[in-house]
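Encoded as structure tokens, the structure appears first; notes follow it.
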Amino acid sequence: MTRGTQHFIGKAHGKIILIGEHAVVYGEPAIALPFKAAPVEVSIEKDTGPVSVSSDYYTGPLEDAPGKLENIKVLLFEIGKELGQTINNLFIKITSHIPPERGMGSSAAVSTALIRALFQYFNVQLNEEQLLAYIDISEKIVHGNPSGIDARVTSSDAPIFYKKNQFFEPFPINISGYLIVADTGKKGQTSHAVADVATLFNDDYEKTTKLIQNIGERAIRAKLAIIHNDLAALGTLLSQTHELLKELTVSDESLDHLVDTALKAGALGAKLTGGGRGGCMIALAQSERYAMVIKNKLIEQGAINTWVHALEGE
């Protein structure tokens, strides 16, 4: 097998829901952050024979890849068709530091990096509209009916304030602080959590509506805290939102334990992130030194993986 010496690189990163999960389903706003502590890189080089892939999930000819990589096959076909190129004789290496099934935008980030690498390989300019359209094709295969937030945040450098099916609004990050993300080691149960919130609406519509609205109000205030560099206010809003999410029954013992651990270790605020019932939590620290103390305590208390992310580096 002879490969070329020239590599064409595409990059992307993970995403974190800072605040607003679950409430966003019911028309409230949410904030998602680019999470560059979890990068993705796709490298393409010329090869002989059919397209082959190397990744943590699968290595070998793309045509023999399992169904979970169907989105990559479709992307190659669609891009080849639009560019008038036959896509073969390629070796595609996928390097992802985003854990799958944790609500961190893994599939969208891989698609973003792959699309960017392919357009580089064919020496064709790629605009944002094209990029988002291709990611959407891929995400529909993976998720069925994606919201579009993963596509935007994994390909962007700015936080995004958004309402489902209404708007995506990038805004400047003007806050100095550190975000620690910790993985409980337990796959999130998003679909069950969403279904249980819907049941709460049936059981007590007025109370559940108020909880959802309270989360939305905190998302609006969190955006202002980020713009005005009010780290303490942001931390308080995160912790308050976790308590509201607990009332919606979408947290669990593993998340609550890590949230409590972070707060006791000096975090300004902490909450679950994403669908809940497992998955990941986030904590806010005022400095890198505090962030490392919190990170180490989270590992000591059972987190299987942690990341530290400088917010001011956005």
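Take 1 as the starting number for the sequence shown in the working numbering and just add one per residue. All C-beta atoms, glycine included, are put in the ideal place defined by N, C-alpha and C.
I want to see whether chain D comes within less than 8 Å of E217, judged by CB atoms only; does it?
No chain D is present in this structure, which holds just one protein chain.
Nearest-angstrom Cα distance between F119 and L126?
6 Å
Can you name, in chain order, every residue of its own chain whose Cβ lies under 6 Å from the Cβ of S251, other than the five neighbours on each side?
L245, L272, G276
Look at the alpha carbon of E28 and the alpha carbon of T241, and state the distance between them as a whole number of angstroms.
E28 and T241: Cα-Cα distance of roughly 13 Å.
Measure the CB-CB distance between T154 and A109 and report whether it falls below 8 Å.
For T154 and A109, yes; Cβs fall inside 8 Å.
So what's F91 in DSSP terms, helix, strand or just coil?
strand
Report yes if the CB atom of I175 is closer than 8 Å to the CB atom of I282, and no otherwise.
Note that the C-beta distance between I175 and I282 is not below 8 Å.
From H257, A310, E312, pick the residue whose C-alpha is nearest to that of E300; which is it?
H257
Which residues in the same chain as D203 place their Cβ atom closer than 8 Å to its Cβ, once the five residues preceding and following it in sequence are excluded?
Cβ neighbours of D203 within its own chain (closer than 8 Å, five residues either side excluded): none.
Using a threshold of 7 Å, is the CB atom of K271 nearer than that to any non-hydrogen atom of the ligand PLP?
Judged by which ligands are present, the structure shown has none, so any question about the ligand PLP falls away.
State yes or no: is the C-beta of Y162 within less than 8 Å of the C-beta of A270?
Going by C-beta atoms, Y162 is not nearer than 8 Å to A270.
According to the neighbour-count rule (16 or more other Cβ atoms, all chains shown, within 10 Å of its Cβ), is I215 buried or exposed?
buried
Going by the beta-carbon positions, is the gap between G235 and L298 smaller than 8 Å?
Not a contact, by the Cβ cut-off of 8 Å.
Of the residues K223, L248, A310, A151, which one's Cα is nearest the Cα of F201?
Closest option to F201, Cα to Cα, is L248.
What number of angstroms, rounded off, separates the C-alpha of I141 from the C-alpha of Q189?
20 Å
Using the rule of at least 16 other Cβ atoms within 10 Å of the residue's Cβ for burial, across every protein chain shown, is I226 buried or exposed?
With a 10 Å radius around the Cβ and a threshold of 16 neighbouring Cβ atoms, I226 comes out buried.
To the nearest angstrom, how far is the alpha carbon of A23 from that of S287?
30 Å
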